[in-house]
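Heads up, the thing below is written out as structure tokens.
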Amino acid sequence: MDMRNVENAFKKFNFWQRDHKVLQILKEKGIEIFPSPKAWEKFDFVKIFFEKKPKEGYFIWVKRKVDFPLLTCITISREKISQNLRNLLIVEKGIKVKAKVLCAAEKENLKANHIAKGKIVLKAGAFLEYFHIHKWGKRDAVNPDYEFILEKNAKLIYNYQNLLPPENLLVRTIFHLKENSSANVNFVVSGTDSNIKIQDTLILEGKNSQGILKIRALGKKNSKILGQSMILAKAPSKGHLDCQGLLVDDHSKISLIPILFCENKKAQLTHEASIGKISEEELTYLRMRGLSEKEAIDLICSGFLKT
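Throughout the sequence shown, residue numbering follows our numbering, covering 154 to 460 in sequence.
The following block contains the structure:
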């Protein structure tokens, strides 16, 4: 990451932590923002969500409507830093909000370790559009582990994107959907000299809950990608699972495992899954239009990740 001009950009973040130090908290009316250890001390109910007092991380409590996206940033700047974050985001009843979260290495080859365990709670009727962007160095190890809880009539749009992957990436995410709640979940990952595992589970717990779970996995140079996605229906509900991979490099591997598990006779679950290659016809067409082979491949890959 080019850090020459980021200081000004980071001034806009509501919460910014570099390594183990909180550099900035921008408070807004109707929103409580604290480092997780301080939130543990200040609010008794926070202890319900953390198994013990956190050492680092953020706590954001949205209590009223805001007309701007909440911006959160966690970066690593020094070699062999090991972050162990505990994050909590709560959106109160009927509130609509957008959140953008950036987690990134500020330099290449830091050999850093980023562990982030978090909970996102949407109270009844809340709406959250959540963009989660990761950008890492080639020798980092990263493990985000998040749990989403959607109460009655809550709605979630969740987009996770990692186009600059670390050496090792393990993504665990679980979604609990109560009555009439809905979730649209999208994972986009691109592997280059990396080992990537995605484990995501969507649990339809309430009547008339519905969810879509989508993965787009791009296997570039010397990468291994494993995607294991499950939808579990416990109530009359609807769920759809869409897993697609594109293998670009002969030395890469992609494994996609869709799982549908139904415990209610009134539920409807569907899935589609595919792993493909770049079409020679499409490649030839783009080259005839004046693109080099590399430019044509890059364009095809970019289009695949946006589908």
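Don't be surprised by glycine CBs; every beta carbon is placed ideally from N, CA and C. A quick note: this is a predicted structure, and the numbers were derived from the prediction, not measured.
C-alpha gap between residue i and residue j, whole angstroms
i	j	result
Met383	His329	12 Å
Leu303	Ile229	31 Å
Ala258	Tyr313	17 Å
Met154	Glu261	In this prediction, Met154 scores a pLDDT of 48, lower than 50, which makes its location untrustworthy; the coordinate-derived value is nonetheless stated afterwards. About 8 Å.
Gly183	Asp346	44 Å
Asp395	Ile412	11 Å
Ser140	Gly429	Summary: the structure shown does not reach residue 140, with the chain confined to residues 154 through 460, and so no result is reported for it.
Cys415	Gln421	8 Å
Lys276	Thr437	51 Å
Lys218	Val274	16 Å
Lys391	Leu366	11 Å
Trp169	Phe212	12 Å
Ile349	Val250	30 Å
Gln352	Gly364	16 Å
Ile378	Leu241	28 Å
Val341	Val244	25 Å
Asn337	Glu282	10 Å
Lys208	Asn167	19 Å
Gly278	Leu309	10 Å
Ala252	Asp403	38 Å
Phe221	His287	21 Å
Ser343	Lys374	10 Å
Lys419	Thr354	20 Å
Glu185	Asn296	26 Å
Pro190	His173	12 Å
Pro318	His393	27 Å
Ala388	His424	18 Å
Glu446	Phe196	57 Å
Ala192	Arg171	19 Å
Collapsed DSSP secondary structure at residue i in the structure displayed
i	result
Lys308	strand
Trp193	helix
Met154	With a pLDDT of only 48 at Met154, under the threshold of 50, the placement of this residue in the model should not be trusted; the figure read from the coordinates follows. Met154 falls in the coil class under three-state DSSP.
Phe202	coil
Arg369	strand
Ile248	coil
Gly429	strand
Trp289	coil
Gly364	strand
Ser408	strand
Ser235	strand
Glu282	strand
Lys253	strand
Near the ligand COA: residue i beta-carbon under 8 Å from a heavy atom
i	result
Arg231	The ligand COA is not among the ligands present in this structure, which contains no ligands whatsoever.
Run of the alpha helix (DSSP H) containing residue i, from where it starts to where it stops
i	result
Pro297	Run containing Pro297: none in the alpha helix (DSSP H); it sits in the beta strand (DSSP E), 294 to 303.
Phe435	Looking at the sequence itself, residue 435 is Glu, so the reference to Phe does not match. Note, Glu435: alpha helix (DSSP H), 433 to 441.
Nearest candidate by alpha-carbon position, reference residue i, set the options
i	options	result
Leu238	Cys226, Arg217, Ser343, Ile248	Cys226
Ile234	Cys256, Lys200, Val219, Asn266	Asn266
Ser432	Glu416, Phe457, Gly443, Leu422	Phe457
Arg231	Leu241, Gly290, Pro188	Gly290
Val254	Gly278, Glu245, Ala279, Gly210	Gly210
Lys180	Lys206, Leu223, Val199, Lys191	Leu223
Ala426	Val175, Ile286, Ile368, Asn240	Ile368
Leu400	Leu371, Gly380, Asn375	Leu371
Ser405	Pro188, Ser376, Val175, Asn296	Ser376
Gln397	Ala388, Ile410, Lys387	Ile410
Phe280	Lys270, Phe301, Asn296, Gly271	Phe301
Cys256	Asp293, Ile248, Gly247	Asp293
Asp298	Pro319, Lys272, Asn321	Lys272
Trp165	Asp172, Gln177, Arg171	The identity of residue 165 in the sequence shown is Lys, whereas the question assumes Trp. That would be Gln177, whose Cα lies nearest to the Cα of Lys165.
Leu323	Ala269, Asp172, Lys200, Ala449	Ala269
Lys461	Trp214, Ile248, Lys387, Gln236	Here the chain has residues from 154 to 460 only, and residue 461 is not among them.
Ala449	Lys459, Thr460, Glu435	Glu435
Element boundaries [beta strand (DSSP E), containing residue i]
i	result
Phe457	Segment 446 to 459 is the alpha helix (DSSP H) holding Phe457; no beta strand (DSSP E) there.
Ala420	Careful: Ala420 lies outside any beta strand (DSSP E) and carries neither H nor E.
Trp169	168 to 171
Asp395	390 to 400
Asn336	Just to set this straight, residue 336 is Ala in the shown sequence, not Asn. Residues 335 to 344.
Gly271	266 to 275
Pro188	184 to 188
Ala386	377 to 386
Phe212	211 to 215
Asn262	Careful: Asn262 lies outside any beta strand (DSSP E) and carries neither H nor E.
Leu323	321 to 330
Val175	174 to 178
Asp353	348 to 357
Short CB-CB distance (under 9 Å) between residue i and chain C
i	result
Leu379	Considering every chain present, this structure includes no chain C. It has just one protein chain.
Inset, instruction - Evaluate contact between the stretch 356 to 367 and the stretch 331 to 338, counting only Cβ atoms and requiring at least three cross-stretch pairs below 8 Å. - result: Yes, since at least three Cβ pairs between the stretch 356 to 367 and the stretch 331 to 338 fall closer than 8 Å, the two stretches touch.
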